[in-house]
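Peer 1: The listed protein sequences correspond, in order, to chains A and B.
Residue 33 in our numbering is what sits at position 15 of the first sequence, and the numbering runs on without skipping anything.
Residue 561 in our numbering is what sits at position 353 of the second sequence, and the numbering runs on without skipping anything.
Glycine is no exception: its CB is placed at the ideal position from the N, C-alpha and C atoms.
Got a structure for you, written out below as structure tokens; questions coming shortly.
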Amino acid sequence: MKISREDVLKVAALANLELADGEVEMYRGQLDDILTYIDKLNKVDTSNVEPLTQVVAAASDDSALREDVVVRADIITEVLEGAPDPSAPYFRVPRVIEK
Amino acid sequence: MSAPTSWTIPQVHAALNSKQISARELVNEFYARIERKNPELNVYLALSPGRAYAQADRIDAAIAAGDSVPALAGVPVAVKDVISTHGTATTCASRILEGYKPPYDATAITLLEQAGAIILGKTNCDEFAMGSSTENSAYGPVRNPVNTDYVPGGSSGGSAAAVAADLAVVSLGTDTGGSIRQPGSFCGVPALNPSYGRVSRYGLLAYASSLDRIGPFAHTVRDAASVMSVISGRDPRDSTSSPADVPDYSLGLDKPLHGLRIGIPDDYFGEGIDPEVRQKIEAGIHLLEKLGCRRVSIRMPNTDYAIAAYYIIATAEASSNLARYDGVRYGPRVPGATLIEMYQKTRGRLFGSEVKRRIILGTYVLSAGYYDAYYLKGQKVRALIARDFREAFEKADVIVTPTSPVLPFRFGERTSNPLQMYLADIYTVTGSLAGVPGISVPSGKTSAGLPVGMQIYGPAFDEHRVLHLAHAFEQAGGANL
């Protein structure tokens, strides 16, 4: 067994996911299958291989970068309209600092 | 000329310019079709009539004034619901973004409208583009217009079905591990995944940023080429978009093929492929030879590791990208006593099952103690797969494979085992990891009438070569093999 019930709960907590009891066991079994399958990568010799994080070659002359210029978007009202609990010009969340 | 059912871009252009139909009438026609067929097919999640008619009226006014109109003038387009449309709900087929209306347009949308295209609405897909059948949509699956007992493929199943069912002339999908090409294959329409960096991702709600791409579905390869000429190019808002020149992809498609070398990875036709798929692709390769192409055998030795590398990298990136959906800035919120509890309940209850599975896997492979064994290893294997393509393109001009090893399947047939579903992405994830362009083009139908798709890969930024061969194949009757 590659992954335990506790592993699933720990990872779910890291990812801020509440899981129902049935989900924990279902994901444990499925992730076990997937991780066992992924083990086949151990058969590949990658000792002299550089990891490929991104297929677009980084531009040597920084041409991919632009000037960092402040531009007014003026969309605060529109953005807040889509929020579940707006309090202009803020997003309101449950209390995080005790009185 | 009577009005066609399956309008192509040149037909729209001709009908508008000869005043046989107005853009407004064309939009009326497509919305009437959608009203008739959408209840059964579930292709569209949202429509944007205000925007569509305003654009149609601009086109009609230009034509009435005798002005010349741009390339895609009046062309009705469907857009996958992971691409931002200002003021029109963009949900990624997820409950966690229910009702979310982006305050801006994706660059691809801006470019389409500047070229005269008409955005009809947003198409259904697997939640956050995670899936191969659209069965992971929070709003119910899409039905395959070819046979409604079958899935349309995914994740861009709605965009593929929109074109196949004549509910749009062209559409945009997104592809991370095959999500344009595989539904194109299942619904029997050409579907292009461009090179990574060819089309700006600005406004695309990210799944796996190093893999995600936007590309077209169309009735013809030529129409797909016309859309590519419009949506491609450098965008200052996406630092990974390429400054490489954008040619007119629709030019030169009819030139002869002149001994093009088609590379066939022989071991792609062994175990695990449906016999009818193999037969249709072999017939397709034979047709390419008759068109003057030369078949060469190539090796892609690391293909067997592609699925494992892909599901490490894609889920790792997804776990990071989807951290932003937390009930604070957009979408609904499930209340909780504390901030963390609110995050956990909102994410736990509003993300669907496959999305949570991938977030958990991605978080796991990135977590302390596992990063080197999984994430770093996956990226090294990714480098080997990219090398396979480079070496193959030294011997061959294009690579030809099946798009999917399996035929369209029935609803529920493959949902119980996620790993089995992932394994069917084998021919598409390789190109996703390598960043190269690939098209799926119809290559016959089975005895039961189900479409088969042939995939053509080309070197990075040589979309034209891929489109050229796909066009020749289509013109030679590839769809009727």
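Tell me whether A426/B sits in a helix, a strand or coil according to DSSP, three-state version.
Peer 2: Strand, per DSSP.
Peer 1: In this structure, how does DSSP classify F109/A when only helix, strand and coil are distinguished?
Peer 2: Here F109/A sits in strand by DSSP.
Peer 1: Expressed to the nearest angstrom, what Euclidean distance is found between the alpha-carbon atoms of L499/B and N344/B?
Peer 2: Distance between the alpha carbons of L499/B and N344/B is about 40 angstroms.
Peer 1: Go ahead and label E562/B buried or exposed: buried means 16 or more other beta carbons lie within 10 angstroms of its beta carbon, across all protein chains shown.
Peer 2: E562/B comes out buried.
Peer 1: Mark L37/A as exposed unless 16 or more other C-beta atoms lie within 10 angstroms of its C-beta, in which case mark it buried.
Peer 2: Buried, because 16 or more other Cβ atoms sit within 10 Å of the Cβ of L37/A.
Peer 1: Helix, strand or coil: which one does DSSP assign to M662/B?
Peer 2: Correct three-state label for M662/B: strand.
Peer 1: Tell me the residue span of the alpha helix (DSSP H) that contains I489/B.
Peer 2: It spans P483 to K498 - the alpha helix (DSSP H) in which I489/B sits, taken as one unbroken run.
Peer 1: Report all residues from its chain with a CB closer than 6 angstroms to the CB of A433/B; omit the five preceding and five following residues, and keep chain order.
Peer 2: Taken in chain order, the residues that qualify are Y457, S458 and L675.
Peer 1: Counting along the chain, where does the beta strand (DSSP E) carrying A254/B start and finish?
Peer 2: Looking at the DSSP string, the run of the beta strand (DSSP E) that includes A254/B is Y252 to L255.
Peer 1: Report the CB separation of V377/B from V283/B in whole angstroms; it is logged as a contact under 8 angstroms.
Peer 2: Yes, V377/B and V283/B are in contact; Cβ-Cβ is about 5 angstroms, under 8 angstroms.
Peer 1: Classify A399/B as helix, strand or coil using the three-state DSSP reduction.
Peer 2: Here A399/B sits in strand by DSSP.
Peer 1: Taking G100/A as the query, report the chain B residues whose CB atoms sit under 9 angstroms from its CB, ordered along the chain.
Peer 2: Within chain B, the residues near G100/A are G307, Y308, K309, P310, P311, R537, Y538 and G539.
Peer 1: Taking Cβ-Cβ distances below 9 angstroms as the criterion, which residues of the stretch 653 to 680 of chain B are in contact with chain A?
Peer 2: From the stretch 653 to 680 of chain B, only A668 have a Cβ closer than 9 angstroms to chain A.
Peer 1: How is the beta strand (DSSP E) around R406/B delimited, first residue to last?
Peer 2: Unbroken run through R406/B: none, as it is neither H nor E.
Peer 1: Beta carbon of N332/B, beta carbon of F394/B: below 8 angstroms?
Peer 2: Contact flag unset, no.
Peer 1: Identify which residue in M629/B, R673/B and F617/B has its Cα closest to the Cα of Q48/A.
Peer 2: Per the Cα distances, M629/B.
Peer 1: From D92/A to R595/B, what does the alpha carbon distance come to, in whole angstroms?
Peer 2: Roughly 46 angstroms between the two C-alpha positions.
Peer 1: Can you find a CB in chain A that lies within less than 8 angstroms of the CB of G405/B?
Peer 2: Output row for G405/B: interface = yes.
Peer 1: Can you find at least 3 beta carbon pairs, one from the stretch 573 to 593 of chain B and one from the stretch 620 to 629 of chain B, that sit closer than 8 angstroms?
Peer 2: No, because fewer than three Cβ pairs between the stretch 573 to 593 of chain B and the stretch 620 to 629 of chain B fall closer than 8 angstroms, the two stretches do not touch.
Peer 1: In the DSSP output, which residue or residues are listed as bridge partners for T609/B?
Peer 2: The partner list for T609/B (beta bridge, DSSP) reads Q663/B.
Peer 1: Sorted by chain position, which residues of the same chain lie with C-beta nearer than 8 angstroms to V176/B's C-beta, five sequence neighbours on each side aside?
Peer 2: Lying outside 209 to 689, the shown extent of chain B, residue 176/B is not represented and no answer is given.
Peer 1: Let me see if you follow: with CB-CB separation under 8 angstroms, is M23/A close to chain B or not?
Peer 2: The question names Met, but residue 23/A in the sequence shown is Arg. Answer no: the Cβ-Cβ gap between R23/A and chain B never drops below 8 angstroms.
Peer 1: Using C-beta distances below 6 angstroms, list every residue in its chain close to G639/B, excluding the 5 sequence neighbours before and after it, in chain order.
Peer 2: Cβ neighbours of G639/B beyond the five flanking positions: G646 and Y665.
Peer 1: Tell me whether the stretch 487 to 507 of chain B and the stretch 468 to 476 of chain B touch, counting them as touching only if at least three CB pairs, one residue from each stretch, are closer than 8 angstroms.
Peer 2: Cβ pair count under 8 angstroms is three or more, so yes.
Peer 1: DSSP three-state call for I647/B: helix, strand or coil?
Peer 2: Three-state result, I647/B: strand.
Peer 1: So, does the stretch 249 to 258 of chain B touch the stretch 318 to 329 of chain B, judging by three or more C-beta pairs under 8 angstroms?
Peer 2: Touching, yes, given that three or more Cβ pairs across the two stretches are closer than 8 angstroms.
Peer 1: State the Cα-Cα distance for the pair R445/B and Y533/B, rounded to the nearest angstrom.
Peer 2: Answer to the nearest angstrom: the Cα atoms are 22 angstroms apart.
Peer 1: Would you mind working out which of I634/B, A272/B, F601/B and E306/B sits nearest I506/B, comparing C-alpha positions?
Peer 2: It is F601/B whose Cα lies nearest to the Cα of I506/B.
Peer 1: Reducing DSSP to helix, strand and coil, say where I271/B ends up.
Peer 2: It is helical.
Peer 1: Which of the three DSSP states is assigned to K330/B in this structure?
Peer 2: In this structure, K330/B counts as strand in the three-state DSSP scheme.
Peer 1: Where are the beta strand (DSSP E) runs, 3 residues long or more, that stay fully inside the stretch 257 to 327 of chain B, in chain order?
Peer 2: Those beta strand (DSSP E) runs which fall completely within the stretch 257 to 327 of chain B and span 3+ residues are 284 to 288.
Peer 1: Tell me whether I472/B sits in a helix, a strand or coil according to DSSP, three-state version.
Peer 2: Correct three-state label for I472/B: strand.
Peer 1: Could you check how far apart the C-beta atoms of V26/A and V42/A are, in whole angstroms? I think they sit under 8 angstroms.
Peer 2: Yes, they are in contact, since the Cβ atoms of V26/A and V42/A sit about 5 angstroms apart, within 8 angstroms.
Peer 1: Is there a Cβ of chain B sitting closer than 8 angstroms to that of P107/A, yes or no?
Peer 2: Cβ-Cβ to chain B under 8 angstroms: no for P107/A.
Peer 1: Hey, I291/B and L380/B are a contact pair by Cβ (cut 8 angstroms); roughly how many whole angstroms apart?
Peer 2: I291/B to L380/B, Cβ: 6 angstroms. Contact.
Peer 1: Across which residues does DSSP place Y358/B in a beta bridge pair?
Peer 2: R618/B, per the DSSP bridge assignment.
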